[in-house]
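Numbers in the numbering used here are just positions in the sequence shown, counted from 1, shifted up by 849.
Ideal placement from N, C-alpha and C gives every residue a C-beta, glycine not left out.
Right, one structure below, let's go through it.
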Amino acid sequence: MQKELRRKVLAIWSCIEILIKIGNLVIDSNSVLCRLWKTHTVRFDHGILNLQSHK
């Protein structure tokens, strides 16, 4: 009975660990995407400003 319970707990725990790892990866990729998005939009804004100032 205890072995069964222990096995179930270990299985659940490993699932939780995998979910946490996936969650961390998603969070990391989101922050990287956010950073990329910000730098690209900033560059884009600067490009528009430069075009407007050249007129």
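Query: Separation of residue 883 from residue 869, as counted between CA atoms; Result: 21 Å
Query: Residue 871 versus residue 853 - alpha carbon distance; Result: 27 Å
Query: Alpha-carbon to alpha-carbon, residue 899 and residue 877; Result: 33 Å
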